[in-house]
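**Q** Got a structure for you, questions after.
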Amino acid sequence: MAGFDKRVYSYEEAMDGIESGMTVIAGGFGLCGIPENLIAEIKRRGVKDLTIWSNNCGVDGFGLGLLLEDKQISRIHASYVGENALFEKQMLNDEIEVILTPQGTLAEKMRAGGAGIPAFYTATGYGTPIGEGKEVREFNGRHCILEESVVGDFAIVKGWKADRYGNVVYRDTAQNFNPMAATAGKITVVEVEEIVEPGELKPDQIHTPGIYVDRLIQGTFEKRIEKRTVREG
Amino acid sequence: MAGFDKRVYSYEEAMDGIESGMTVIAGGFGLCGIPENLIAEIKRRGVKDLTIWSNNCGVDGFGLGLLLEDKQISRIHASYVGENALFEKQMLNDEIEVILTPQGTLAEKMRAGGAGIPAFYTATGYGTPIGEGKEVREFNGRHCILEESVVGDFAIVKGWKADRYGNVVYRDTAQNFNPMAATAGKITVVEVEEIVEPGELKPDQIHTPGIYVDRLIQGTFEKRIEKRTVREG
Amino acid sequence: MALTREQMAMRVARELEDGFYVNLGIGIPTLVANYIPDGIDVMLQSENGLLGMGRYPTEAEVDPDMINAGKETVTARPGAAIFSSGESFAMIRGGHVDLTVLGAFEVDQNGNIASWMIPGKLIKGMGGAMDLVAGAENIICTMTHASKHGESKLLESCNLPLTGAGCINRVLTDLAYLEIKDGAFHLKERAPGVSVEEIKSLTAGKLVVPDHVPEMTFEA
Amino acid sequence: MALTREQMAMRVARELEDGFYVNLGIGIPTLVANYIPDGIDVMLQSENGLLGMGRYPTEAEVDPDMINAGKETVTARPGAAIFSSGESFAMIRGGHVDLTVLGAFEVDQNGNIASWMIPGKLIKGMGGAMDLVAGAENIICTMTHASKHGESKLLESCNLPLTGAGCINRVLTDLAYLEIKDGAFHLKERAPGVSVEEIKSLTAGKLVVPDHVPEMTFEA
Numbered sequence: 001m002a003g004f005d006k007r008v009y010s011y012e013e014a015m016d017g018i019e020s021g022m023t024v025i026a027g028g029f030g031l032c033g034i035p036e037n038l039i040a041e042i043k044r045r046g047v048k049d050l051t052i053w054s055n056n057c058g059v060d061g062f063g064l065g066l067l068l069e070d071k072q073i074s075r076i077h078a079s080y081v082g083e084n085a086l087f088e089k090q091m092l093n094d095e096i097e098v099i100l101t102p103q104g105t106l107a108e109k110m111r112a113g114g115a116g117i118p119a120f121y122t123a124t125g126y127g128t129p130i131g132e133g134k135e136v137r138e139f140n141g142r143h144c145i146l147e148e149s150v151v152g153d154f155a156i157v158k159g160w161k162a163d164r165y166g167n168v169v170y171r172d173t174a175q176n177f178n179p180m181a182a183t184a185g186k187i188t189v190v191e192v193e194e195i196v197e198p199g200e201l202k203p204d205q206i207h208t209p210g211i212y213v214d215r216l217i218q219g220t221f222e223k224r225i226e227k228r229t230v231r232e233g
Numbered sequence: 001m002a003g004f005d006k007r008v009y010s011y012e013e014a015m016d017g018i019e020s021g022m023t024v025i026a027g028g029f030g031l032c033g034i035p036e037n038l039i040a041e042i043k044r045r046g047v048k049d050l051t052i053w054s055n056n057c058g059v060d061g062f063g064l065g066l067l068l069e070d071k072q073i074s075r076i077h078a079s080y081v082g083e084n085a086l087f088e089k090q091m092l093n094d095e096i097e098v099i100l101t102p103q104g105t106l107a108e109k110m111r112a113g114g115a116g117i118p119a120f121y122t123a124t125g126y127g128t129p130i131g132e133g134k135e136v137r138e139f140n141g142r143h144c145i146l147e148e149s150v151v152g153d154f155a156i157v158k159g160w161k162a163d164r165y166g167n168v169v170y171r172d173t174a175q176n177f178n179p180m181a182a183t184a185g186k187i188t189v190v191e192v193e194e195i196v197e198p199g200e201l202k203p204d205q206i207h208t209p210g211i212y213v214d215r216l217i218q219g220t221f222e223k224r225i226e227k228r229t230v231r232e233g
Numbered sequence: 001m002a003l004t005r006e007q008m009a010m011r012v013a014r015e016l017e018d019g020f021y022v023n024l025g026i027g028i029p030t031l032v033a034n035y036i037p038d039g040i041d042v043m044l045q046s047e048n049g050l051l052g053m054g055r056y057p058t059e060a061e062v063d064p065d066m067i068n069a070g071k072e073t074v075t076a077r078p079g080a081a082i083f084s085s086g087e088s089f090a091m092i093r094g095g096h097v098d099l100t101v102l103g104a105f106e107v108d109q110n111g112n113i114a115s116w117m118i119p120g121k122l123i124k125g126m127g128g129a130m131d132l133v134a135g136a137e138n139i140i141c142t143m144t145h146a147s148k149h150g151e152s153k154l155l156e157s158c159n160l161p162l163t164g165a166g167c168i169n170r171v172l173t174d175l176a177y178l179e180i181k182d183g184a185f186h187l188k189e190r191a192p193g194v195s196v197e198e199i200k201s202l203t204a205g206k207l208v209v210p211d212h213v214p215e216m217t218f219e220a
Numbered sequence: 001m002a003l004t005r006e007q008m009a010m011r012v013a014r015e016l017e018d019g020f021y022v023n024l025g026i027g028i029p030t031l032v033a034n035y036i037p038d039g040i041d042v043m044l045q046s047e048n049g050l051l052g053m054g055r056y057p058t059e060a061e062v063d064p065d066m067i068n069a070g071k072e073t074v075t076a077r078p079g080a081a082i083f084s085s086g087e088s089f090a091m092i093r094g095g096h097v098d099l100t101v102l103g104a105f106e107v108d109q110n111g112n113i114a115s116w117m118i119p120g121k122l123i124k125g126m127g128g129a130m131d132l133v134a135g136a137e138n139i140i141c142t143m144t145h146a147s148k149h150g151e152s153k154l155l156e157s158c159n160l161p162l163t164g165a166g167c168i169n170r171v172l173t174d175l176a177y178l179e180i181k182d183g184a185f186h187l188k189e190r191a192p193g194v195s196v197e198e199i200k201s202l203t204a205g206k207l208v209v210p211d212h213v214p215e216m217t218f219e220a
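Chains as they are written, first to last, in my numbering: chain A, 1 to 233; chain B, 1 to 233; chain C, 1 to 220; chain D, 1 to 220.
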């Protein structure tokens, strides 16, 4: 009896079923709270022509940047794509299509996708290149544009702790896009640092309820720091 | 220096500025997690012609039901209005206007209002009386209706613990509509069972960040139970 | 013999699969929780913000902060999650609940359901029903096949104001288990001792009857 | 004398009020945090999901799970709240942040701002800037008044693709502090030793100059 035990025991199993041409929604902000090992597994599999939804695209050689090395990404919806020389090169050569999306709209598109809201209006982007070609409507005297939501074939998520039912808790600012991504995958895969027994997480303190989670794997993480800023202390 | 200290020390101060004709968004589901004392203060003040947004309207003599006694509510947006004889009477006599709203749409209207989303599409209510007169649009083969969001003059909220900055944690299913309501008030007033020092609540475990909270008061609560169901134990 | 309420709940419970997240409406649907088959684990979702609803509390466990969508005091099972109404309906609207069971006044051959409003009678509200029927892909309606006066509730087209349009795919009545597809009710099973003819006579909507209609069986 | 970056940050900091929730962009806006006036408490919002950003960590405190929107390692002050990007932008889009300070390439007399894209140059993305300018009611732009070649950045109409339309109401340049309203820049203060004439000559958009334009003062 499997019941609600979402655990899998290999990254191969975790990403089973991912194919070229699929849409993948990824949690993470910069290199913080990214599903490192799930990304590495996608690289290992060599699937191509992926459409990625993620705030950033990692850096050269780490995070989603890894998927650029073998040109696995055809299209990316992101708010910021700096800090990545290979990315710039592929963008300038039209080897990758970049759909720049305001950060809040990106988060809301994922949240809405998971929540069964197919589209919403927002003032963000009105009057800018982002609003071009989109329906404009005025609400309470403000011009807003219509934005559609997204659901991915896969969502890949990095949590801190989870129970085996897939109830997930994030740690500090490693939360970022992960809770929204987790709701928006047809198959949602979560990797965490620790798996605990059901009942160990306080029910009213769970960030991502297990209903959203299809597969859960415990991993070890490099957690690379992008900008180490310190004070004398 | 007041800084971020949101505490007030009387219910009179907590509801200062509420006037007849205003819109009030209330947390709570049934009698669970309702801002009992803030409601009682609204009753005491005798303001009239209120527009209420709340899932229910309490029961006779408790919760929002109190505001029916002196006919303080002109209009209510709610998903369920049973369990209340006085309410039924006022509804049948056209003394109160009831805008029945699907429960999820009601929650989403509050959440969207607080989040600066003026309107969203949902399949909920399409083809029913709720969809009448609303714009219909098809997304991914499904008919959806356009629903507008709400912002109230006041939001009244019941929390469990808060720090004086107004960071709030809810307890168990007393959470319900409270987090959405908290975001959707021009003035958001939260009453809690306990006020703790800043730093005592874990930052990544806060349900309602203090930025949404204008006033905070510590109270004592009756917490009436609507349907006491027990098993032999 | 028409099914009892308990038998209806038992029959619905056979549709449960291991690992299903299930929302049970008030009435007969609630009883389904009592008949979950051995070896099957389901997680009950309550739309006020509880995933993993447990048993009723003992007197000592009663907690006013712990209720279900029917406003009854409940408990949470280990591994439950509790969240806001906004999150709860994100789950429901987003199609994450595997099965919804709810009652109805009428359903029709196109999957429309009317369950919340009888014009001229007092309206108490739809609660979460409209969200549930719009969000779930897998819905079972439990209802009596006909009124006490013998008027069918399985119609060509609902007469009452709808709760949702084109969203119901399965109906369990006290007389039969039916699937709705391609604009018709498809008779799948009949209650013990109930004839196909009786079901035909009490079904106003288009009914498709296969050559063999198995009889439901219930252990004593 | 044109203001230094530090002086610009100091001048902006005077706009802070006790109890303000503030979002500071990258560059000069970030420096504002160093000049918060005595007796005033502000809470810094970082759009990756942190309300109550603290100082940079000591070496011992560095935590890869604790960064700001500039991806720098940071700390949280006591009473901070940490949440998802969705919640963070709900806050921003919903107008709950009291003041946003951000840089720009150009602003114009109608409050339009261009800050994220120079056609022909590499585009790195708008990050959260479009959400911030659309959501905040109170925005200060910090920028140099003109390019190194003497071309004004305070225009009749922005030339570059916009970040937001009609959303900027205050600009602090290295030469002046101005308000934008009714389709014009209103000169409020000038940098020490900078003449009204110089400001006029470097402002391409419509400029309204009152009889007296006070000079900013900075303590040594």
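Ideal Cβ positions, reconstructed from N, Cα and C, are used throughout, including at glycine.
Helix or strand or just coil, what does DSSP make of A:Glu197?
**A** coil
**Q** Is there a C-beta anywhere in chain D that falls below 8 Å from the one on B:Phe4?
**A** yes
**Q** Quick one, are the C-beta atoms of A:Ile211 and C:Met91 less than 8 Å apart?
**A** In this structure, A:Ile211 places its C-beta atom within 8 Å of the C-beta atom of C:Met91.
**Q** Skipping 5 residues on each side, what residues in its chain have a beta carbon closer than 6 Å to that of A:Ile225?
**A** none
**Q** For a minimum of 3 consecutive residues, which ranges assigned as the beta strand (DSSP E) are wholly contained in the region 10-46 of chain D?
**A** Those beta strand (DSSP E) runs which fall completely within the region 10-46 of chain D and span 3+ residues are 21-24, 43-46.
**Q** Is it a yes or a no for the region 152-170 of chain D touching the region 201-212 of chain D, going by three-plus beta-carbon pairs under 8 Å?
**A** yes
**Q** Skipping 5 residues on each side, what residues in its chain have a beta carbon closer than 7 Å to that of B:Phe139?
**A** Tyr121
**Q** Does DSSP put D:Pro78 in a helix, in a strand, or in coil?
**A** Correct three-state label for D:Pro78: strand.
**Q** Going by CA-CA distance only, name the one from D:Thr144, D:Gly19, D:Asn110, D:Pro210 that's closest to D:Gly52.
**A** D:Gly19
**Q** Is it true that the CB of B:Gly159 sits closer than 8 Å to the CB of B:Val168?
**A** yes
**Q** Taking a contact to mean a Cβ-Cβ separation below 8 Å, would you say A:Glu36 touches A:Phe221 in this structure?
**A** Yes, the Cβ-Cβ distance between A:Glu36 and A:Phe221 is below 8 Å.
**Q** Going by DSSP, what residue range makes up the alpha helix (DSSP H) through A:Arg45?
**A** Residues 36-45.
**Q** May I ask you to verify whether the region 49-57 of chain A touches the region 18-35 of chain A, counting CB pairs closer than 8 Å and requiring at least 3?
**A** yes
**Q** Going by beta carbon distance, what residues of the same chain come within less than 6 Å of C:Gly70, once the five residues before and after it are set aside?
**A** The answer, listed in chain order, is Ile26.
**Q** Which residue comes first and which comes last in the beta strand (DSSP E) that contains C:Ile123?
**A** Looking at the DSSP string, C:Ile123 is not in any beta strand (DSSP E), and its letter there is neither H nor E.
**Q** Between the alpha carbons of A:Glu232 and D:Thr58, how many angstroms are there, rounded?
**A** 6 Å
**Q** One question on the structure: do B:Ile117 and B:Ser149 come within less than 8 Å of each other, judged by their Cβ atoms?
**A** yes
**Q** Out of curiosity, what's the CA-to-CA distance linking C:Pro161 and C:Pro119?
**A** 8 Å
**Q** Is it right to say B:Gly17 is buried, meaning 16 or more other beta carbons lie within 10 angstroms of its own, or is it exposed?
**A** Label assigned to B:Gly17: exposed.
**Q** Give me the chain B residues within the contact set of C:Ser157, using Cβ-Cβ distance strictly less than 9 Å, ordered along the chain.
**A** In chain order: nothing, as chain B lies at least about 12 Å away.
**Q** Decide if A:Met1 is buried, meaning its Cβ has at least 16 other Cβ atoms within 10 Å, or exposed.
**A** Because the pLDDT at A:Met1 is just 45, under 50, the model does not fix this residue reliably, and the value given afterwards should be weighed accordingly. Flag for A:Met1 reads exposed.
**Q** Return the CA-CA distance between B:Asn56 and B:Pro102, expressed in angstroms with no decimal places.
**A** 12 Å
**Q** Which chain B residues sit within Cβ distance under 8 Å of C:Gly70?
**A** What C:Gly70 touches in chain B: Lys227.
**Q** Quick check: what's the CA-CA separation for D:Leu44 versus C:Cys141?
**A** 51 Å
**Q** Apply the 10 Å Cβ neighbour rule to C:Val12 and answer buried if 16 or more other Cβ atoms are within range, or exposed otherwise.
**A** buried
**Q** Taking 6 Å as the limit between beta carbons, can you name the residues of its chain near B:Thr183, skipping five residues before and five after?
**A** Gly114, Tyr212
**Q** Below 8 Å, how does it come out for the region 124-143 of chain B and the region 104-112 of chain A: are there three or more Cβ pairs, yes or no?
**A** no
**Q** Quick check on D:Ala47: buried or exposed, where buried means 16 or more other Cβ atoms within 10 Å of its Cβ?
**A** A quick correction: the sequence has Glu, not Ala, at residue 47 of chain D. D:Glu47 is buried by the Cβ-count criterion.
**Q** So, does the CB of C:Arg55 fall closer than 8 Å to a CB anywhere in chain A?
**A** no
**Q** Any Cβ of chain C within less than 8 Å of the Cβ of A:Pro118?
**A** So no, A:Pro118 is outside the interface.
**Q** Can you give me the Cβ contacts of B:Glu135 inside the same chain, cut-off strictly under 8 Å, excluding the 5 residues immediately before and after it?
**A** Ile145, Leu146
**Q** Taking A:Ala182 as part of the alpha helix (DSSP H), name the residues at either end of that continuous run.
**A** 178-183
**Q** List in chain order: all unbroken beta strand (DSSP E) runs of 3+ residues lying wholly within the region 83-116 of chain D.
**A** Runs found: 99-103, 106-108.
**Q** Tell me the DSSP secondary structure of A:Met22 in three-state form.
**A** coil
**Q** With 8 Å as the threshold, decide whether the Cβ of A:Arg137 is near any Cβ in chain D.
**A** Taking 8 Å as the CB threshold, A:Arg137 stays off the interface with chain D.
**Q** Rounded to whole angstroms, what's the CA-CA distance from C:Asn138 to C:Met130? Just pull it up for me.
**A** 14 Å
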